[in-house]
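One structure below.
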Amino acid sequence: MGVPRTLIAFAYVADQFARTNDIAAGLIPLFAPLISARASKPFEPNQFASDVKQHYDLDMHPYVAEELAPAMARHGYLDMHRVGSVVHYVNRTISLPEPPVSEGQLQDLVERFIAFATPFLDKTGLSVDKAVLETALFDRLIRPDFMSLVLRPDSEAAGLRTIQLPKDRAASAPPPGNEEHYDYLVARFILSLHEKSAPQLNALVAATSGALVAEVVLDLQHPPKPGESLAGINVAIDSPLLLDALGVGLDGAQEYARQLLVLVVKAGAKPVVFDATIEEMRRVVSSTLQAYDGRQFLHGPLGVRMRGDAALAAYARAILGTLPEDLARLGIERYNFSNIDRAARSKFFLPKFEDNLAQHIGDYPTEAARLHDARVVSDVLRIRGGAKPQGLRGAEIVFVTRNTRLAKLTRRYLNEAALAARDYFPPCITDRYLAGVLWITTGGGGDTLSRLRLISNCSAATMPRRDVVTRMHRVLEGMKPELVERFNALMTNERAEHFLMDRTLSDATLITQQNYEEIYRDIEEVAAERVRRRKDAELEAMRAQHARTVEQQQSQIIEESARAVRLEVELRERDLSAREAHRQAQEAADRLSESERRWATACMRAGGRAGLFAWLVVVMGIGLLSGGAAALAGSSAEARVITGVVTFFGVFCGLLIGNKYWPSNPLEGWIEGRRQQACDQFAYDHGIQDIVEKFAFDWSLREARLKPSELPAKSGSV
139 MGVPRTLIAF AYVADQFART NDIAAGLIPL FAPLISARAS KPFEPNQFAS
189 DVKQHYDLDM HPYVAEELAP AMARHGYLDM HRVGSVVHYV NRTISLPEPP
239 VSEGQLQDLV ERFIAFATPF LDKTGLSVDK AVLETALFDR LIRPDFMSLV
289 LRPDSEAAGL RTIQLPKDRA ASAPPPGNEE HYDYLVARFI LSLHEKSAPQ
339 LNALVAATSG ALVAEVVLDL QHPPKPGESL AGINVAIDSP LLLDALGVGL
389 DGAQEYARQL LVLVVKAGAK PVVFDATIEE MRRVVSSTLQ AYDGRQFLHG
439 PLGVRMRGDA ALAAYARAIL GTLPEDLARL GIERYNFSNI DRAARSKFFL
489 PKFEDNLAQH IGDYPTEAAR LHDARVVSDV LRIRGGAKPQ GLRGAEIVFV
539 TRNTRLAKLT RRYLNEAALA ARDYFPPCIT DRYLAGVLWI TTGGGGDTLS
589 RLRLISNCSA ATMPRRDVVT RMHRVLEGMK PELVERFNAL MTNERAEHFL
639 MDRTLSDATL ITQQNYEEIY RDIEEVAAER VRRRKDAELE AMRAQHARTV
689 EQQQSQIIEE SARAVRLEVE LRERDLSARE AHRQAQEAAD RLSESERRWA
739 TACMRAGGRA GLFAWLVVVM GIGLLSGGAA ALAGSSAEAR VITGVVTFFG
789 VFCGLLIGNK YWPSNPLEGW IEGRRQQACD QFAYDHGIQD IVEKFAFDWS
839 LREARLKPSE LPAKSGSV
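Quick note: the sequence shown uses our numbering, first residue 139, plus one each step.
As structure tokens, then:
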């Protein structure tokens, strides 16, 4: 089939608009082939709008084409001819540069999708031509809403508990897939690209973003302009988007919902919520919690998430009583429109019209949700009163939902019932349309917002469905009752539950008497594989922990060994240093001992000489004293001799006795002084003054002793 130029053109639109922020320049890729096909012919707005619808399936009001004509002439798409006050435009031949997304890139995307979808289809026994798959992919890249799945009622689950087995399918002619199957396959494919961070997702987002801009610009008579303020507009948000923003909605959709709210405020508009919507949110959360407390099968975005996250139940229970406050923290105000206000303004949209609208918008997962949407859309029309806005700027209030079908069917009902003109700005728009408006007016979001919305929608489309699980449960109950409990246990396994959706393409009618056992075995195998993977992961974690422990122990051993080696080296160095110090000290001590010995010997000799000299002086003094005494003794020689001898020995003995017992003996002090002087002189003469500073010679013991100042101090008692 090949890649249609439409898809490439949409990718080109997103790139050009992001570069220029110019609507006309951004739409070159869409308009170029249409204008070139009618080159040299007059530009006719009605014909041009018809061509846009035929080629791109986009509704374009002729007024939009007429308003864009001057801009297209400025950019060189049209030739302008003026005749007096009348301006005519003529189509030209336009050549485009290479688009940002090549045909080869998109063809690779197509091939990957076919390879991805084929095993799913083979498992279910569906036979689908590749060309059909390509078309299904292209259609959903342009409008990736998947609402046929999101809004499909749980008819099987809502029915009676009577066992009714599905009819067998004809084995000879497997049926082709339907739109819901394609929705599921494309959504699963996009999520797989997102999970793998595949580069092909960028090409896909480019195409969807371009289609978004084109739809917003061409769908209305007065498209928004870049930089246009939305001040004074109340944007009423639907309950699923608000639950997403609070974190109790779709898994992975919170970031998208919150960014959308941020951009609404940035554009100058005011996000609001009706009391009916708050009550709808309470109903959804309460019913899910009741099923959770009653151990019933959980369904819906919140229920599916609560199966794998028990903490989410506590969080959901907490916000039940604080919803208005929680919404206010997100910047969302309550819009006061009471029953009295509704009655007072009912003439602008009668209750019977509300009932008709509720019937016209089709089937819903729950009746309460259908009535809620009809009530809110009706209230928006009543608030607008008799105003007839032709653009968002003059709409005063608009209801934003991710339900594409609600927006489309509401608009159709108002037109068919002659309640609103075709150029009347609808009371209900999709979040997709709002995202495009915000991209144009604020320059915000762009591919990021488009990507977030795409992933959010895919998550909603592939969410496990109650009717599929119930159908499988009933078939087992009728055919193999012994497997029912095991099946219920398997459905607590998130991977097994999602595999059931994959195995049936989220279609309960694909479970038959012929294949239910095969489906059950596949689910068990997937669950067992998950258990094996978990055990393998745990084993691998244990091995990794063991390896880390061994590595840590080895590191500790190596570190301890290194520390021991360092300590040994340090001890050796200390030992060598101590030995060297001891050797040096010993040498010093030896030198000191030798000097001490020489000094002591010198002191003894010098002291001996000093003592002998001193005693000679004493003897001489005593002799002189004795001679004087003898001279005074008389004239007799004998008497003088006796007197002299007695005097000499008497004085000499007295000095000896006094020298020994006299406490303060001047003679001994004088002799000691002479000895010390002789010792000091010897030390200074031989360069050993440190001996004199540290030692004193004890003559009573005939040895050198440390001076008291060199003795170690005595420690006091405690």
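In this text, a Cβ means the ideal position worked out from N, Cα and C, and glycines have one as well.
query: Tell me which same chain residues have a C-beta within less than 6 Å of the C-beta of A325, skipping the five on either side of it?
result: F284, C596, A599 and T600
Sort L259, P257, E272 and V228 by Cα distance to D246 and report the nearest one.
E272
CA-to-CA distance, D189 to P167, given in whole angstroms: 14 Å
Which partner residues does A374 have in the DSSP bridge list? V410 and F537
task: Would you please state the rounded distance, in angstroms, between the beta carbons of V343 and R543? I believe it to be under 8 Å.
output: 23 Å between Cβ atoms; not a contact.
Coil, strand or helix - M198 by DSSP: coil
For the ligand ATP, is there any heavy atom lying closer than 7 Å to the beta carbon of F487? What this structure holds is no ligand at all, so the ligand ATP is not there to describe.
| Residues sharing a beta bridge with P180, DSSP | V228
Counting pairs of beta carbons, one from the segment 425 to 445 and one from the segment 395 to 413, are three or more of them closer than 8 Å? no
Is the Cβ-Cβ distance between A374 and Y473 less than 8 Å?
yes
inquiry  = Please state the DSSP three-state secondary structure of H437.
reply    = coil
Quiz item: Counting along the chain, where does the alpha helix (DSSP H) carrying T103 start and finish?
Solution: Residue coverage of the chain in this structure runs from 139 to 856, which leaves residue 103 outside it and unanswerable.
ask   = In whole angstroms, what separates the C-alpha of L264 from that of L458?
value = 44 Å
Original post:
According to the neighbour-count rule (16 or more other Cβ atoms, all chains shown, within 10 Å of its Cβ), is G751 buried or exposed?
Top reply: Gly is not the amino acid found at residue 751; the sequence shown has Phe there. Counting Cβ neighbours within 10 Å, F751 comes out exposed, since fewer than 16 surround it.
Is it the case that the segment 609 to 626 contacts the segment 563 to 578, given that we only count it when at least three CB pairs across the two stretches are under 8 Å? no
message: Let me check one thing: in DSSP terms, what residues is V221 bridge-paired to?
response: V224
Looking at C-beta atoms only, is the number of pairs between the segment 493 to 504 and the segment 526 to 535 that lie closer than 8 Å three or more? no
Worksheet entry | Simplified DSSP state of L468, which is helix, strand or coil | coil
Check: Considering only C-alpha positions, which residue in the set Q651, A533 and T586 is nearest to D561?
Finding: A533
Tell me, please, whether the segment 380 to 393 touches the segment 483 to 493 by the rule of three or more beta-carbon pairs shorter than 8 Å. no
- Query: Which residue or residues does DSSP assign as beta-bridge partners of C791?
  - Reply: BP columns for C791 are empty, so no partner.
- Task: Give the DSSP bridge partners of L216, in chain order.
- Result: N229
To the nearest angstrom, how far is it from the Cα of I578 to the Cα of K363? 7 Å
To the nearest angstrom, how far is it from the Cα of G782 to the Cα of Y822?
45 Å
#### Entry: Buried or exposed by the 16-neighbour rule on C-beta atoms within 10 Å, applied to V151
buried
Original post:
Under a three-way DSSP split, which group does T568 fall into?
Top reply: strand
Between the Cα of G95 and the Cα atoms of V410, L339, D645 and Q652, which residue gives the shortest distance? Residue 95 lies beyond the residue range present for the chain, which begins at 139 and ends at 856; the question has no answer from this structure.
| said: With three or more beta-carbon pairs closer than 8 Å as the criterion, would you say the segment 203 to 222 touches the segment 178 to 186? | reply: yes
**Request:** With a 10 Å radius around its C-beta and 16 neighbouring C-beta atoms as the bar for buried, classify L331 as buried or exposed.
**Result:** buried
- Item | Contact set for A308: own chain, Cβ-Cβ below 6 Å, skip 5 residues either direction | Note on A308: pLDDT 38, under 50, position unreliable in the model; no value is reported.
Notebook entry, point to check: Are A414 and H510 close, meaning C-beta to C-beta below 8 Å?
Noted result: yes
- Determine the burial state of T687: buried for a count of at least 16 other Cβ atoms within 10 Å of its Cβ, exposed for fewer. exposed
| said: Which residues does DSSP list as the beta-bridge partners of Y473? | reply: F412
inquiry  = Please report the straight-line C-alpha distance between S367 and Y658, rounded to a whole angstrom.
reply    = 56 Å
request  = Determine the DSSP secondary structure at P304, reduced to helix, strand or coil.
outcome  = With a pLDDT of 37 at P304, under the threshold of 50, the predicted position of this residue should be treated as unreliable, and no value is reported.
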